[in-house]
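The structure appears right after this line, and notes come after that.
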Ligand code: ZN
Ligand code: FE
């Protein structure tokens, strides 16, 4: 199992330190800022060989330069279309590429919608979804449209094993789930998930990760073909229309 350490950054971001269990090779996903990531690496005694950026937004790449300064020769991986706006990028990846970390292969899924260059990195048992799939929600559509984002979320939901642990870019879970509970007041599983998330946060613990299986059950953005979700947003048409209405509601919530 890929070893993943959460590193809280900025107000509600997570960077992740990945270690391949067989070789100890180490990578950092989305260093939002240098200092907490460098401290986490020091505490682990880990020296990263690469940075994996899910997209170009500042709160996901803000620590790239500090890591490059600390670890000369560091590889910096991001989507080909983000070349030029991801600081220090050394490698341009495209959909279907594989990035190797010791004995762990990470598959690149190009998942445009939040941004056009958004990618998810997925091993056999963990996926780093950035601001595309959040626990209980999804990212805002900065550069894409609903059809594009819906297709990207479906791609994640249907490509990855249900047991995959989802590591997303922000700690938004409790608020996301409160929105879902307001949307579907009769959904007991969602109410229980709200209580779980609120308890974890009250204890100062992260809600991340959760399994893709749980997300498919709870996250309404992955249930746009669910009649309960369609009824809740008052759209009885295709899943993309349900997704668009749902995203709009969330924006205004
Ligand atoms: Zn973002
Ligand atoms: Fe973000």
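In our numbering, the protein residues as written are 106 to 358.
Virtual Cβ for every residue (Gly too), placed ideally from N, Cα, C.
Quick caveat: nothing in here was measured; it's all calculated off a predicted structure.
Asked, Found
"Consider the C-beta atom of residue 158 and the heavy atoms of ligand 2; say whether any pair is separated by less than 7 Å.", "no"
"Can you check which of these residues, 110, 194, 300, 323, is closest to residue 239 by C-alpha distance?", "323"
"For residue 107, tell me which candidate among 321, 115, 314 has the shortest Cα-Cα distance.", "314"
"Which of the three DSSP states is assigned to residue 162 in this structure?", "coil"
"Would you kindly check if the distance between the Cβ of residue 193 and the Cβ of residue 168 is under 8 Å?", "no"
"Quick one, are the C-beta atoms of residue 270 and residue 229 less than 8 Å apart?", "no"
"Whose CA, out of 118, 247, 215, 278, lies closest to the CA of residue 264?", "215"
"Count the other CB atoms, across all protein chains shown, that sit within 10 Å of the CB of residue 203; report buried if there are 16 or more and exposed otherwise.", "exposed"
"For a test of your reading of the model: does the CB of residue 162 fall under 7 Å from any non-hydrogen atom of ligand 1? Yes or no.", "yes"
"What are the boundary residues of the beta strand (DSSP E) that includes residue 79?", "A query on residue 79 cannot be resolved here, the shown segment of the chain reaching from 106 to 358 and no further."
"From this set, 133, 243, 289, which residue's C-alpha is nearest residue 179's C-alpha?", "133"
"Can we count residue 200 as close to ligand 3, meaning its CB is less than 7 Å from some heavy atom?", "Ligands in the displayed structure: ligand 1 and ligand 2; ligand 3 is not one of them."
"Using a Cβ-Cβ cut-off of 6 Å (strictly less than) and excluding sequence neighbours within five positions of residue 302, which residues of its own chain qualify?", "278, 279, 282, 312"
"Give me, in chain order, the residues of the same chain whose beta-carbon lies closer than 6 Å to that of residue 296; leave out the 5 immediate sequence neighbours on both sides.", "286"
"Please give the ranges of any beta strand (DSSP E) in the stretch 225–267, keeping only runs that are unbroken, at least 3 residues long and fully inside the region.", "231–235"
"Can you give me the Cβ contacts of residue 362 inside the same chain, cut-off strictly under 6 Å, excluding the 5 residues immediately before and after it?", "Summary: the structure shown does not reach residue 362, with the chain confined to residues 106 through 358, and so no result is reported for it."
"Can you give the beta carbon distance from residue 165 to residue 187, rounded, assuming they're within the 8 Å contact cut?", "Incorrect: roughly 10 Å between the Cβ atoms, too far for contact."
"Ordered along the chain, which non-local residues of its own chain (more than five positions away) have a Cβ less than 7 Å from that of residue 87?", "Absent from the structure is residue 87, since the part of the chain shown begins at 106 and ends at 358."
"Counting contacts by CB-CB distance shorter than 8 Å, is residue 250 in contact with chain B?", "Checking the listed chains, one finds no chain B in this structure; it contains a single protein chain."
"Please identify the residue among 345, 116, 316 whose C-alpha is closest to the C-alpha of residue 250.", "345"
"Would you check whether ligand 2 has a heavy atom nearer than 7 Å to the C-beta of residue 118?", "yes"
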